[in-house]
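The structure under discussion appears below in the form of structure tokens.
Following this line, the structure appears as structure tokens:
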């Protein structure tokens, strides 16, 4: 059986459903970190030393005046320096950038600064608390993910289309929702909990070698590690009448 550093062929890790619960113990969090490690290895390749030194997190806690959730510490301790993955589109805050605003611990920011991901201060003592999406208009506050671990998994899956690794990629915008539906009805949904993103609805399809993302039923991204699943998506798109705006093949 493959180790947690790779998701391909590792049935117990990256492409099987995990607990949606935010209150699980260390074993539930380990399952999520196993998936994160596999996604980083497969879709982003070898990067900088991933760990954040505990002293940086201790200083952040001292500045904030409270302890960070266990899952947030673990995320930074194990993978925090992989900015090639966390910051390819939006930005996961480094420990010294964590801040409190509107009664929330803000942990990440959308690339245009309109939306931010945060943890309600009432929940910061939970091991793996739910994450909410903050907007300039506080009335738009809503839950983004059931846990920090699930947010990290979604973050990486949504980021594969912008990964610095050389991959097969395609992007297109359908004239109507039925076009995207005709493509993704032939693909399995990825076994991850639904999430609330700043563009909705967002759906993920594929398998260990393919991630297909749809936004608002019209925009479609396909990213693949191997040519075979990629060509299959291109064939499905052709049959559905989708014209690609971008198609990239390694080499």
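Residue numbers (my numbering): 186 to 436.
Idealized CB from N, CA, C, for every residue including glycine.
All of these numbers come straight from a predicted model, not from anything done at the bench.
Return the residue from the list 308, 360, 284, 334 that minimises the CA-CA distance to residue 264. 334
Leaving aside the five residues before and after residue 221 along the sequence, list all residues of the same chain whose C-beta is less than 7 angstroms from its C-beta, in chain order. 264, 337, 338, 341
So which of 376, 261, 316, 425 has the shortest CA-CA distance to residue 306? 316
How big is the Cα-Cα spacing for residue 289 and residue 304? 5 angstroms
Where residue 281 and residue 361 are concerned, what is the direct C-alpha to C-alpha distance, given to the nearest angstrom? 44 angstroms
Short of 6 angstroms in beta carbon distance, which residues of its chain neighbour residue 275, apart from the five on each side in sequence? Order them along the chain. 295, 296
Going by C-alpha to C-alpha distance, which of 409, 285, 255, 397 sits closest to residue 249? 285
Could you spell out where the beta strand (DSSP E) holding residue 400 opens and where it closes? 395-400
Tell me whether the beta-carbon of residue 236 lies closer than 8 angstroms to the beta-carbon of residue 262. yes
Simplified DSSP assignment, three categories, for residue 382: coil
How long is the line joining the alpha carbons of residue 411 and residue 378, rounded to whole angstroms? 25 angstroms
By Cβ distance, which residues of its chain are closer than 7 angstroms to residue 302, with the 5 residues on each side in sequence left out? 292, 293, 316, 318, 329, 336
Give me the Cβ distance between residue 427 and residue 380, rounded to the nearest whole Å; I'm assuming they're in contact under 8 angstroms. The pair is not a contact, with the Cβ atoms about 24 angstroms apart (cut-off 8 angstroms).
How long is the line joining the alpha carbons of residue 208 and residue 298, rounded to whole angstroms? Here residue 208 scores only 47 on pLDDT, less than 50, and its place in the model should not be relied on; the value that follows carries that caveat. Approximately 29 angstroms between the Cα atoms of the pair.
Find the nearest neighbour of residue 398 within the set 374, 256, 383, judged by alpha-carbon distance. 374
Could you tell me which uninterrupted beta strand (DSSP E) segments, each at least 3 residues in length, are contained entirely in the segment 325-376, listed from first to last along the chain? 327-330, 353-358
Beta-carbon separation of residue 355 and residue 419 under 8 angstroms? yes
Would you give the residue range spanned by the beta strand (DSSP E) that residue 408 belongs to? 404-409
Burial state of residue 434 (16 or more Cβ within 10 Å): exposed
Same chain only: Cβ atoms within 7 angstroms of residue 384, ignoring 5 sequence neighbours per side: 400, 401
In the DSSP assignment, find the alpha helix (DSSP H) that holds residue 223 and state where it starts and stops. 211-224
Among 229, 223, 404, whose alpha-carbon lies nearest the alpha-carbon of residue 344? 229
What did DSSP end up calling residue 421 once you bin it into helix, strand or coil? helix
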